[in-house]
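Heads up: the sequence lines are chains P and H, in that order.
Residue 287 in my numbering sits at position 287 of the first sequence, with consecutive numbering throughout.
Residue 1003 in my numbering sits at position 3 of the second sequence, with consecutive numbering throughout.
Note that the Cβ used here is the ideal one computed from N, Cα and C, for glycine as well.
Okay, so here's the structure we're looking at.
Number of protein chains: 2
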Amino acid sequence: MVRGFSLLLLLVAVMTPLTAEQEPAQIHLMPWPASLKIGAGQLAISNSFSLAVHGGDPRLRKAAAIFLNDLRRQTGMLPLDFTVTGSAEASLTIHSDRPSRDVQELGEDETYALEISATGAKLDAPTTLGVMRGLQTFLQLVRITPQGFAVPAVSIQDAPRFPWRGLLIDPGRHFLPVDVIKRNLDGMAAVKLNVLHWHLSEYQGFRVESKRFPKLHEMGSDGFYYTQDEIREVVMYARDRGIRIVPEFDMPGHSTSWFVGYPELASGPGPYSVERKWGVFDPAIDPTKESTYKFLDGFIGEMAALFPDQFFHVGGDEVNGKQWDANPKIQEFMRAHGLKNNADLQAYFNQRLQKIVAKHSKTMEGWDEILRPELPKSIVIQSWRGPQSLADAARQGYRGLLSSGYYLDLMSPTSAHYAVEPFADGAANLSDAEKQRVLGGEACMWGEFVSGENIDSRIWPRMAAIAERLWSPQAVTDVNSMYDRLDEISHWLDFYGLKHNANRDLMVRRMAGGEESSALRTLTDVIEPTKGYSRETLATSQPTAFTPLNRLIDAAQPESAIARRFSAMVDLLISGKMKPGTEIQIRAMLTKWRDNDMKLRALAAKSSLVEEVAPLSQDLSTLGTLGLQALDYLDRGEHPPEAWTSQQLALVQQAFQPKAQVLLMIAPAVQKLIQASAGEKPTELPIPRSAQD
Amino acid sequence: MVRGFSLLLLLVAVMTPLTAEQEPAQIHLMPWPASLKIGAGQLAISNSFSLAVHGGDPRLRKAAAIFLNDLRRQTGMLPLDFTVTGSAEASLTIHSDRPSRDVQELGEDETYALEISATGAKLDAPTTLGVMRGLQTFLQLVRITPQGFAVPAVSIQDAPRFPWRGLLIDPGRHFLPVDVIKRNLDGMAAVKLNVLHWHLSEYQGFRVESKRFPKLHEMGSDGFYYTQDEIREVVMYARDRGIRIVPEFDMPGHSTSWFVGYPELASGPGPYSVERKWGVFDPAIDPTKESTYKFLDGFIGEMAALFPDQFFHVGGDEVNGKQWDANPKIQEFMRAHGLKNNADLQAYFNQRLQKIVAKHSKTMEGWDEILRPELPKSIVIQSWRGPQSLADAARQGYRGLLSSGYYLDLMSPTSAHYAVEPFADGAANLSDAEKQRVLGGEACMWGEFVSGENIDSRIWPRMAAIAERLWSPQAVTDVNSMYDRLDEISHWLDFYGLKHNANRDLMVRRMAGGEESSALRTLTDVIEPTKGYSRETLATSQPTAFTPLNRLIDAAQPESAIARRFSAMVDLLISGKMKPGTEIQIRAMLTKWRDNDMKLRALAAKSSLVEEVAPLSQDLSTLGTLGLQALDYLDRGEHPPEAWTSQQLALVQQAFQPKAQVLLMIAPAVQKLIQASAGEKPTELPIPRSAQD
């Protein structure tokens, strides 16, 4: 009974350390661990699986319960299956030397060691936090086998590269209900992230109940805010999964929603209303009034008690200064205090703010703009500008985090995020002490174009690759291995309740108006939203907070896995390194695309949402036809007429122009097929400039 | 811009009353309303849709908020889209003459009138309950059109046929978390059901926190029970959707879980442990001890305060009497009180019980067995025996509900449930006064083989057809119309968060061990679980509460829509009434099934859960081949050799034998193809006896 496991057995005559590139088909860990050896055999996960918990930490017992529940979701076992036991015969024994801190701290030990043999498994860690990480590794190892569910025999020693591995979620722009936050916390825990950066105030909304200043949430949120009970519930939920929550209240800019209830805080005359557009706007806190600091002292005091984490994010980005320029009193204040420009004024504000934050026993964090020599070295800089600014900060003695390159709202391919290395460029030759100041990174999920329905698809699975960049050794960089594992992880995350796949299907069916939506699904699978900030520049009417997010661009995933696989197969074909069946698969895909438009037209006739993308469907059909013709030339070993080639290449270019703000991602590979059929060297078709920003 | 709506316009030169069979393609209401006329044009549902609420009932405002949220889920609109307004220009105006009762009552007025024109819609009802029903009708009318989302112009007058339209859910056998209950309440509201019968105690578990007798939930639930706060939350959630909650505490049988903590209640010696097997067991409450009634008085008092509904279900079914027979004291008691048999003893118990229930201001309800002339006419009988026993009760002056014929756990086709008419058989010639005593019916979702993961697929969409039987006029019986609408409703319910479709996909991918599970999905789509109680008789080892529910039988839906459609197409072909394309579709389906086994074998080699169903996949391939061969004979107008025919018919019979406790539901249609090709009269291949019970 070793069918299907023979490959593994061949690989493992001895315990061999493996890198991610060498991974056997059965191991789809992400992040890839620091050290992995494969053993012989596997440990069965039947309904009599048992877990022994050693260590006095109540949080360890909670972690065990969460783990068993996750294991049930993954295997379809029932609440009564799996037991916690004291027995030495347990299937899995977990042990932590000591509890993790009551309030989880930056830099707490997250290392663990996991040993799995055919007869049992042991997970040891210095702290409960390490056990949590190891349990997720165990869950990622579970798979169905000819003998039922099982985990392969492995020996893993693991530790994170960076102590701060985060995700920013922005309910300021579109409110996100608690269940959306919770399921994304589940996903974060699954890939060993440890910080949720909760961006709680914006021009478009103030999202936390303030008992001290109730007009903040009452007038600044349209009724969509988290109650303090909900905040506490989410903080606890995150804590149980080894995740810190850092709240951000962005100031002095990005703050219109504060001024609806408290216009006296602003630098310009009111009244204010909650902003409905997207962009950078003028309203900013008045840093020259003492009453401002009195308010902030009260507000930060209240929030500091609500959010237990050591760090308190004050934003500080994108102050355009227009309200300051236009306010004579503020200009007078600047002259009187020798503040030469708005940057000086903001630095003054930040110095005052930092003292308030420190008074409430918190460490201030903010975006690049807050970095000024006047500020103490304790503050943490979150860099949206890049590794160079992070390196500069580190050299000046400041701790920092990288977010530049990890903006999930820009719709970049996973490979682009994966390649962003915190110690690149100017950061590469930092001293060891300076490198210690680079705490890690945070992906940013800005909220202009996400709702509770589709946010998961912008975060997942790409987030998992960024999590690997921040957890795994710097040498783990193989893109093919990453994508192989990412495809598995993406579907594994479905069992955690994430909706990146499920809601795409639902949204496609909504657009198509019924069950028979396969033609629209076929189109959805090969397109991607345009990149960068082009969604706004390409829009026919300016999107606002009222604009529905129910179009193809909203349903489509940021990266088309099918286009990626198709491109890889075309590359193999052109390079002559095809495997058997590759050309047949390419032909089948092209044929499907060629013939899809007929079916899609029937849907388009019934639905305005499909009608919008009908031109793309025509283009897809054209690309299918062209690709098949090019293949025919290649098969016959015959070059097409030159006129044909240039004409078809122009058609491909045209098909790659954005329409309905999306891109047909198979166009570049079809261009290569045409070029190859003409005996030309295949070139990369770049994403049109208009679709990039 | 009337593409796609031309059919509708043709139909509606005048407002014409329509029956369900005449429904135009755009109207997929279920239950079908009492009266429907179609008008001209449609009302747009854009992001500026507004709702005006007239009527002082706070519950009406709550209903409006729930409606808008449902409308957002369905259309992908955002929290800021849609407004509640006081304006006379509102897109939809809702009005109720009076609030519904604080505690929802049996028989409250649920009628409503809905008028939709191209310029606006009005929903009027005597009570808020009627508004809730009408709002669900409105939601079912929403669809995507060439002009965006819209509802067609209609005029609907509607009222339910029966005042009690329920669903029994049984967390006693497998615990069901609160979110599972809530999403099923959403589904119930969507099809105008008004009673959740919550079966809260069983041999296998006691599921409610009792503060008075805490050992009930502490020792009788394995830790899986609803807290009283959760109960209150669910009761409120149901109330907001116009659904009453009737709790059932089954006694004197089905009560092992009570005795774990309170063995003194039992008729036999303890100690007791929570039952793990399925079936009928001996433990029963001791009806002869006064302490029993003291306990029940305290317990029922506590539960009567927790559950506001007028009705209190005491179970009363399936007492095998063995503990009573074996207990000399009970025998002595029976002799002393002139109780001749166990039925007399149970009637004695029920008389005592009824007084306690009445003392706590509740009306007693129970299964058929409680019906005895000693009991007052106020009690309500829930009939699992059939319309005859219901009619008998009505003639004796008792009110009753039909559940026989509505057992969802038996895996019957929707058409079978749909055909079950409460006024059939002995009930057909009841007097009007007697008919009034037939309150309606309840579908029963018994819990032996459902978990939170797959229960939705056993309830939905079949429940919607039973809801129609209980709501719509008796004359609404067309099965084809029902199935057409059911297919739409099934996918519409996805937007309500029901998991009958989503979790099938997830379970299939779990079995296949990854994304590429299409071959297993193809097989899943044409099989059904065996029927009746055959799952237990066909099991190789007796299933228990520990048995995982993660096999194909658990993932498969009770009725295969694809097999049903295939059979219908084959019937058309054989009868010579084919539409263009029918034979091509039949051939495409048969070809797909013939070729599926190759792909499925690759999955089976990697997964024990797929390996189990590999023989079915082979059979499916055989059926595909046979069907294609029969079609070839038919096309050539040539009869096959007799030996071929008999041999193939035997193969089809063999392929229809249950394997892995499931049935290949395309076998009957393939038999017809073979018979037709041989010039024989096609006959129905019956479900094998072994697969029925």
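Residue-level contact to chain P via CB, residue i, 8 Å cutoff
{"i": "Gln1147 of chain H", "result": "yes"}
{"i": "Ser1608 of chain H", "result": "yes"}
{"i": "Ile1045 of chain H", "result": "no"}
{"i": "Ala1502 of chain H", "result": "yes"}
{"i": "Met1219 of chain H", "result": "no"}
{"i": "Gln1509 of chain H", "result": "A quick correction: the sequence has Arg, not Gln, at residue 1509 of chain H. Interface residue, yes."}
{"i": "Gln1568 of chain H", "result": "Checking the sequence, you will find Ala at residue 1568 of chain H rather than Gln. Taking Cβ atoms only, chain P never reaches closer than 8 Å to Ala1568 of chain H, which makes this a no."}
{"i": "Phe1206 of chain H", "result": "no"}
{"i": "Ile1144 of chain H", "result": "yes"}
{"i": "Asp1282 of chain H", "result": "no"}
{"i": "Glu1559 of chain H", "result": "no"}
Same chain, Cβ closer than 6 Å to residue i, five either side skipped, listed in chain order
{"i": "Glu202 of chain P", "result": "Gly172, Arg173, His254"}
{"i": "Arg1352 of chain H", "result": "Tyr1293"}
{"i": "Ala1614 of chain H", "result": "Ala1604"}
is_contact[residue i, chain H] using C-beta, thresh 8 Å
{"i": "Ile527 of chain P", "result": "no"}
{"i": "Phe333 of chain P", "result": "no"}
{"i": "Ser690 of chain P", "result": "no"}
{"i": "Thr75 of chain P", "result": "yes"}
{"i": "Phe495 of chain P", "result": "yes"}
{"i": "His174 of chain P", "result": "yes"}
{"i": "Glu453 of chain P", "result": "yes"}
{"i": "Asp222 of chain P", "result": "yes"}
{"i": "Phe546 of chain P", "result": "yes"}
{"i": "Trp597 of chain P", "result": "It is worth fixing the name first, because residue 597 of chain P is Asp in this sequence and not Trp. Cβ-Cβ to chain H under 8 Å: no for Asp597 of chain P."}
Nearest-angstrom Cβ-Cβ length linking residue i and residue j, presumed shorter than 8 Å
{"i": "Tyr406 of chain P", "j": "Ile466 of chain P", "result": "5 Å"}
{"i": "Leu590 of chain P", "j": "Gly637 of chain P", "result": "Not a contact, Cβ separation roughly 19 Å."}
{"i": "Gly1205 of chain H", "j": "Ser1046 of chain H", "result": "With 8 Å as the limit, Gly1205 of chain H and Ser1046 of chain H do not qualify as a contact, their Cβ atoms being about 49 Å apart."}
{"i": "Ala1676 of chain H", "j": "Leu1620 of chain H", "result": "Actually they do not touch by this definition, with Cβ atoms about 20 Å apart."}
{"i": "Gln585 of chain P", "j": "Met569 of chain P", "result": "6 Å"}
{"i": "Leu1296 of chain H", "j": "Ile1356 of chain H", "result": "6 Å"}
{"i": "His1360 of chain H", "j": "Ile1300 of chain H", "result": "6 Å"}
Close Cβ partners of residue i (< 7 Å) along its chain, the five nearest in sequence each way excluded
{"i": "Ile1562 of chain H", "result": "Asp1525, Val1526"}
{"i": "Val1231 of chain H", "result": "Rather than Val, the amino acid found at residue 1231 of chain H in this sequence is Ile. Result list for Ile1231 of chain H: Val1208, Leu1306, in chain order."}
{"i": "Pro1641 of chain H", "result": "none"}
Other residues of its chain near residue i: CB distance less than 8 Å, five sequence neighbours each side excluded
{"i": "Met1001 of chain H", "result": "Unreliable placement is indicated for Met1001 of chain H, whose pLDDT of 29 sits below 50; the coordinate value is still reported in the next sentence. The answer, listed in chain order, is Pro1146, Gln1147."}
{"i": "Asn1342 of chain H", "result": "Val1319, Gly1321, Trp1324, Asp1325"}
**Request:** Mind the definition here: the stretch 428-442 of chain P touches the stretch 384-400 of chain P only if three or more C-beta pairs lie below 8 Å; say whether that holds.
**Result:** Touching, yes.
**Item:** Any alpha helix (DSSP H) of 4 or more consecutive residues that is wholly inside the stretch 271-308 of chain P
**Value:** The qualifying runs are 290-306.
**Item:** Cβ contact (3+ pairs, closer than 8 Å) linking the stretch 1093-1103 of chain H and the stretch 1518-1526 of chain H
**Value:** Between the stretch 1093-1103 of chain H and the stretch 1518-1526 of chain H there are fewer than three C-beta pairs closer than 8 Å, too few to call the two in contact.
**Asked** Mind pulling the alpha helix (DSSP H) runs of 4 or more residues that sit fully within the stretch 301-358 of chain P?
**Response** Counting only runs of at least 4 residues, the stretch 301-358 of chain P fully encloses the following alpha helix (DSSP H) elements, listed from N- to C-terminal order: 322-326, 328-336.
**Item:** Segments assigned beta strand (DSSP E), at least 3 residues, entirely inside the stretch 1120-1154 of chain H
**Value:** You should have 1120-1127, 1143-1145.
**Prompt:** Could you give the uninterrupted runs of the alpha helix (DSSP H) lying entirely in the stretch 1366-1404 of chain H, keeping only those of 4 residues or more?
**Reply:** Segments of the alpha helix (DSSP H) lying fully in the stretch 1366-1404 of chain H: 1387-1395.
**Prompt:** Counting pairs of Cβ atoms below 8 Å between the stretch 24-34 of chain P and the stretch 69-79 of chain P, do you hit three or more?
**Reply:** Contact annotation: the stretch 24-34 of chain P does not touch the stretch 69-79 of chain P, with fewer than three C-beta pairs closer than 8 Å.
**Prompt:** How do the stretch 321-328 of chain P and the stretch 265-272 of chain P stand: do at least 3 beta-carbon pairs fall below 8 Å, yes or no?
**Reply:** Flag = yes, the stretch 321-328 of chain P and the stretch 265-272 of chain P touch.
**Asked** Which residue spans inside the stretch 1598-1659 of chain H form an unbroken alpha helix (DSSP H) run of at least 4?
**Response** Counting only runs of 4+ residues, the alpha helix (DSSP H) found wholly inside the stretch 1598-1659 of chain H occupies 1608-1611, 1614-1636, 1642-1655, in chain order.
**Request:** Could you say if the stretch 1130-1137 of chain H and the stretch 1073-1088 of chain H meet the contact criterion of at least three C-beta pairs nearer than 8 Å?
**Result:** The stretch 1130-1137 of chain H is not in contact with the stretch 1073-1088 of chain H.
**Message:** Using a Cβ distance threshold of 8 Å, determine whether the stretch 1645-1663 of chain H contacts the stretch 1533-1548 of chain H, with at least three qualifying pairs required.
**Reply:** Touching, per the Cβ criterion.
**Request:** Decide yes or no for the touch test of the stretch 1148-1158 of chain H against the stretch 1178-1190 of chain H: beta carbon pairs closer than 8 Å, at least 3 of them.
**Result:** Contact between the stretch 1148-1158 of chain H and the stretch 1178-1190 of chain H is absent, because fewer than three Cβ pairs lie under 8 Å.
**Prompt:** What beta strand (DSSP E) runs, 3 residues minimum, are completely inside the stretch 1169-1236 of chain H?
**Reply:** Complete beta strand (DSSP E) runs here, min 3: 1195-1199.
**Request:** Report the residue ranges of all alpha helix (DSSP H) runs contained in full by the stretch 550-591 of chain P; include only those spanning at least 4 residues, in chain order.
**Result:** Listed in chain order, the complete alpha helix (DSSP H) runs (minimum 4 residues) inside the stretch 550-591 of chain P are 552-555, 561-575.
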